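Novice: Residue numbers (this note's numbering): 29 to 88.
Here it is, the structure, as structure tokens.
This is the structure:
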């Protein structure tokens, strides 16, 4: 899995903003250092996506 591309997508599309950007980059750094595994990293990314889509649904 290429988490760098996923993180770029989340940030540059505006899905993740503010403090969440720093959190996401810290998670990516931890993953690259082997401190967290693929499953945990994917779970965190999915969580950010889920929060974003829930926000969109509430706005409609």
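Idealized CB from N, CA, C, for every residue including glycine.
Quantities reported herein were computed from a predicted structural model and do not represent experimental measurements.
What are the start and end residues of the alpha helix (DSSP H) that includes residue 73?
Specialist: Taken as a continuous stretch (DSSP letters only), the alpha helix (DSSP H) holding residue 73 covers 66-87.
Novice: Hey, could you find the ends of the alpha helix (DSSP H) residue 36 is sitting in?
Specialist: Element bounds for residue 36: 31-40.
Novice: Can you grab the Cα-Cα spacing for the pair residue 37 / residue 31, in whole Å?
Specialist: Roughly 10 Å separates the two Cα atoms.
Novice: Can you grab the Cα-Cα spacing for the pair residue 77 / residue 66, in whole Å?
Specialist: One C-alpha to the other measures close to 16 Å.
Novice: At what residues does the alpha helix (DSSP H) containing residue 49 begin and finish?
Specialist: Taken as a continuous stretch (DSSP letters only), the alpha helix (DSSP H) holding residue 49 covers 47-60.
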